[in-house]
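Working notes for the structure below.
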Amino acid sequence: MKSPAHRTRDIERQAGYLRPEHCAPPPLRYGSDTMWFIRDGCGIVCGVITWFLVFYAEFVVVFVVLVPAKSVIYSLFNGLIFNALGVLALASHAKAMCTDPGAVPKGNATKEFIESLQLKPGQVVYKCPKCCSIKPDRAHHCSVCKRCIKKMDHHCPWVNNCVGESNQKYFVLFTMYISLISFHALILVAFHFVFCFEEDWTKCSNFSPPATVILLILLCFEALLFLIFTAVMFGTQVHSICSDETGIEQLKKEERRWAKRSKWMNLKVVFGHPFSIAWLSPFATPDHGKADLYQYIV
């Protein structure tokens, strides 16, 4: 009697998808300096809108609220803070958008690759019939990126990318800095309205009173909207990281098959080992240390 051979199983069983025996060999891997960018029209538009809104807030704060300066120290202090938060927010957005979120090599569900895994009899490997790839545990297929993403949380059109194991830090920083810059803008607008009501409207801004009011109201509406949205998203992401359960896993109520870690360890897995000021920097690539690799075999 022959011993049972290893098995492969399709995660998504739908007619018309690729069969593993029809998979082409995986494409050649490019260098690590190759930029990741999703060519999705909706995502690109949302990304451009995000940058435009940040630059609009920058324009109103600098040229309406802080200039002319009612106090040089007040304008310099708030200008430095607002500009620093703006740079960090845009840098975080760019990194979240142009960083590979953890895409599984496409088309690697070939007979040769499966044999190279040296599976034991009875072991099962999961493969995606959409992108013809062997799926690690906790990976999900994204219909926009057209790839399987390791530890995928969700696809965010505002960063035109999936949020996965390799770029979640940058997405969390993006939501944090946008919420901080929105809160700061609301405070500045409130103080400026009080200042303009107490003083002559023609002296509190280089623009006419009607233009000043319209610019401030638009900024107030934008800041309030994005403060609520990004603050909620930031809290959701932190909770997801601490509980070590992605948004998709929570939505599908998937059974936990991975080892449970402490909340602090889960944070270090995303932001890097050990804890440092680099956690707050979008320019620092997180060092995941000896974090467990996601396995193809279950």
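Sequential numbering of the sequence shown, starting at 0, is according to numbering that gives the first Met the number 0.
Beta carbons are placed, not taken as given, at the ideal position from N, Cα and C, and that holds for glycine.
Only a predicted model underlies this, so the values are computations on that prediction, with no experimental measurement involved.
query                                                                                                                 : result
Separation of P128 from E114, as counted between CA atoms                                                             : 18 Å
Host alpha helix (DSSP H) of S239 (start-end)                                                                         : 208-242
Residues near V59 in its chain [Cβ-Cβ closer than 6 Å; skip 5 each side]                                              : L214, L218
Distance CB(G246)-CB(D152) smaller than 8 Å                                                                           : yes
Contacting residues, own chain, Cβ-Cβ under 8 Å from K202 (five flanking each side not counted)                       : P67
Cβ contact check for the region 270-290 and the region 86-95: 3 or more pairs under 8 Å                               : yes
Environment of M264 [buried if 16+ CB atoms lie within 10 Å]                                                          : exposed
Beta carbon of V103 nearer than 8 Å to that of P135                                                                   : yes
Supposed close pair K149, R137 - CB separation, criterion 8 Å                                                         : 7 Å
Unbroken stretches of the beta strand (DSSP E), 3 residues or longer, contained in the region 29-76                   : none
Sequence-distant residues of the same chain with beta carbon closer than 6 Å to V143, five excluded per side          : D39, H154
Contact check, A184 vs A210, beta carbons under 8 Å                                                                   : no
Residues of its chain near R271, where Cβ-Cβ distance is below 6 Å and the 5 sequence neighbours each way are ignored : Looking at the sequence shown, residue 271 is not Arg but Gly. P285, D286.
Contact under 8 Å by Cβ, V158 with M96                                                                                : yes
Exposure of A176, with buried meaning 16 or more beta-carbon neighbours within 10 Å                                   : The sequence shown places Tyr at residue 176, not Ala. The residue in question, Y176, is buried, as its Cβ has 16 or more Cβ neighbours within 10 Å.
Burial state of D199 (16 or more Cβ within 10 Å)                                                                      : exposed
Residue burial classification, G46 (beta-carbon count within 10 angstroms, cutoff 16)                                 : buried
Among I133, V212, Q236, the one whose alpha carbon lies nearest that of N166                                          : Q236
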